[in-house]
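Visitor:
Numbering (my numbering), first residue to last: 1 to 102.
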């Protein structure tokens, strides 16, 4: 059985990619945050003190950026991926509440 420490490192061991040719760098998904992820974090920090529900995030994204998501599931998936990437974390004993990970 593989340890969680090893699994946590998978995909995060690439290091500095500046020595790679541009053509190769374009093919690599490094998990860099896109525009919407940055907007989510900004809204959560500035509007909701770093903790919010999906409903608050939906409303905050519209009020701050006039951004409307495709649907709720799309945003929920984005929040899940941001949690896996270490940008957010779930709040214990509070289903559907996310906190910005500092």
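Here a beta-carbon is modelled for each residue, glycine too, at the ideal position from N, C-alpha and C.
May I have the straight-line CA-CA distance separating residue 70 from residue 91, to the nearest angstrom?
Guide: By 1-based counting over the chain shown, the position of residue 70 is 70. By 1-based counting over the chain shown, the position of residue 91 is 91. Rounded to whole angstroms, the separation of the alpha carbons of residue 91 and residue 70 is 25 Å.
Visitor: In chain order, what residues of the same chain lie with their CB nearer than 7 Å to the CB of residue 62, ignoring the 5 residues before and after it?
Guide: Working through the chain shown from its first residue, we reach residue 62 at position 62. Correct list, in chain order: 68.
Visitor: Contact criterion: CB-CB distance below 7 Å. Does residue 60 meet it with respect to chain C?
Guide: Given the protein chain composition of this structure (a single chain), no chain C is represented.
Visitor: Would you please state the rounded distance, in angstroms, between the beta carbons of residue 54 and residue 75? I believe it to be under 8 Å.
Guide: Sequence index remark: in the chain shown, residue 54 carries index 54 (1-based). Sequence index remark: in the chain shown, residue 75 carries index 75 (1-based). Their Cβ separation, rounded to whole angstroms, is 6 Å, which keeps residue 54 and residue 75 in contact under 8 Å.
Visitor: Can you grab the Cα-Cα spacing for the pair residue 86 / residue 100, in whole Å?
Guide: Position 86 of the chain shown holds residue 86. Position 100 of the chain shown holds residue 100. Answer to the nearest angstrom: the Cα atoms are 9 Å apart.
Visitor: DSSP on residue 77, reduced to helix/strand/coil?
Guide: The residue you call residue 77 lines up with position 77 of the chain shown. It is helical.
Visitor: Is the Cβ-Cβ distance between residue 103 and residue 64 less than 7 Å?
Guide: An answer regarding residue 103 cannot be provided, because it is not within the stretch 1 to 102 covered by the chain.
Visitor: Report, in whole angstroms, the separation of the C-beta atoms of residue 60 and residue 47, which I expect to be a contact under 8 Å.
Guide: Residue numbering aside, residue 60 sits at position 60 when the chain shown is read from its first letter. Residue numbering aside, residue 47 sits at position 47 when the chain shown is read from its first letter. That pair is a contact at about 5 Å.
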